[in-house]
C-alpha cells in the first residue's frame, strides 16, 4: 500500500495513470476498510471517468450497499464505453436477483428510461425482463436498443435467442450473422456459441449442436447446467449411454439434483434399465415434493406411472400404484395433456379395468386430435389395444446411435 501511495503522489500530472494506481490501491484494502476502498474508487473515476475497472468495482460496492440506482448508473456507463461487455450487465442483474431486488431494479430502469432513453438501459432492462420470463417485453426493449445502436452485437445475440424461443429461425440466423459481421471476435463469445447450438438443434444438425455445447463446457467444466443440456442433446440424438456417462458424475457430486435425476432416469428408460430409471424417479420425487411449478413433478409421475403400467417385466409392473401416480399427474395438468391421459389409461388396463382404460384412452385421442399431438397415431393404437382387452406393453430400448460425432478439426481436409 505504501509503494502504491507513493506512485499515486508521483502521478499527479497524469490522471489516467493515477486512476489505474488508485484502483491498485483500492484492491489492497481489507475487511473493515470498505470506506477507504470506495474513496479510492471514486478518486479513480474523478481522474478517469472512463476507467471501466473502477466503474465495475463501484457498481459492485453500490450493490452491496443496496444502492440499486447507483449500480445501474455505473453499469450503463460501462456499456456506453464497451458495448460488447455483456458480463457486467448479467452479473449485476444476477446480483439483484440474489438480493430479491429485481422488481426494484425494473422500476429504477423504467424511470431512468422515461427521463433519458439509452441503448444501454434498454439492453439492461431486456435482461431483467428475460429473467422474469417476459420475452415479449424483452424483445421490445432490444428492438429499441438496436434502433438507437444498430451495430450492437450483444443486443443482436440477445434478440436471436428470443427469436429462437418464438420459433423464428430465420430471424435468429440473420441476427447471429449480423453480430459476427459487426464484431468478428463475438463469434467466440459463449452467447454466440449458445445461439449457434440452438440454431443447429432447430435445423436437426445434432452433431454440430453437440460440438458447440462441448465448446461451452470446455471453457467452464464446472458448469453442471451446461452438462445437463449436453446430456439432453445426447438423448435427443439417440445416444442415451453417452448421456448417462455425462450425468452420473454430476449425481456423484450432487445426489439430490432433481433435473439431473429426471434426465438420467429417462436415459435409463431408453436403454431398457427400468429398475434404475424408477430408482432415479423415486429419488427425484423425494427431493421435489409436490410442487409442480415447472411441470417437473407431473412429468416424473407420468413417466413412473407409464413404466409401472407398461414394462414387459412382471417384477416391475404395479397397476395399482401406476393408477395412483397417473391420477395425480392428470390432476396436476388439469387433464390437458394427451400423453398423460394415455398413461392413466395404460395404468387402468394393467389393473384389468378396461372400461376405464377405454374411457381415458378415448379422451387422450380426442384431445390429441384437437391439439394435433405428434403421438396421435400411437394414442389411437393404444385405444384399439384396450378395446381388444389387452394391456399395453412397451420396452423402450433405444438403439444407440453409433455414428461418430466428428469435431470441426476432424472435418478439416489436410
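Numbering (the working numbering), first residue to last: 777 to 1190.
Backbone N, C-alpha and C fix where the C-beta goes; we use that ideal spot for every residue, glycine too.
Quantities reported herein were computed from a predicted structural model and do not represent experimental measurements.
query: Spatial neighbours of residue 1092 in its chain, beta-carbon cut-off 8 Å, leaving aside the 5 residues before and after; result: 1050, 1051, 1054, 1083 and 1084
query: Separation of residue 900 from residue 1125, as counted between CA atoms; result: 54 Å
query: 8 Å CB neighbourhood of residue 1190 in its chain, flanking five on each side removed; result: Because the pLDDT of residue 1190 is 38, which lies under 50, any placement of that residue in the model is unreliable, and the question is left without a value.
query: Status (buried if at least 16 other CB within 10 Å, exposed otherwise) for residue 1147; result: exposed
query: Per-residue burial, residue 1183 [other beta carbons within 10 Å of its own, 16 or more giving buried]; result: exposed
query: Cβ-Cβ distance between residue 1120 and residue 1106 below 8 Å; result: yes
query: Exposure of residue 1056, with buried meaning 16 or more beta-carbon neighbours within 10 Å; result: buried
query: Segments assigned alpha helix (DSSP H), at least 4 residues, entirely inside the region 881–948; result: 895–907, 911–924 and 929–941
query: Straight-line Cα distance separating residue 1096 from residue 1076; result: 17 Å
query: The region 837–847 contacting the region 874–881, beta-carbon criterion three pairs below 8 Å; result: yes
query: Nearest-angstrom Cα separation, counted from residue 1044 out to residue 1139; result: 29 Å
query: Residue 790 in three-state terms, based on DSSP; result: coil
query: Nearest to residue 894 (by Cα), restricted to the options 910, 949, 1023 and 931; result: 931
query: Limits of the alpha helix (DSSP H) - the one that residue 1099 falls within; result: 1095–1108
query: Presumed contact (8 Å Cβ cut-off) between residue 992 and residue 1007, rounded CB distance; result: About 13 Å separates the two Cβ atoms, so there is no contact after all.
query: Residue span of the alpha helix (DSSP H) that contains residue 1167, given as start and end; result: Careful: residue 1167 lies outside any alpha helix (DSSP H) and carries neither H nor E.
query: Alpha carbon of residue 1111 to alpha carbon of residue 848, nearest angstrom; result: 45 Å
query: C-alpha distance - residue 935 paired with residue 919, whole-angstrom precision; result: 8 Å
query: Straight-line Cα distance separating residue 955 from residue 1047; result: 41 Å
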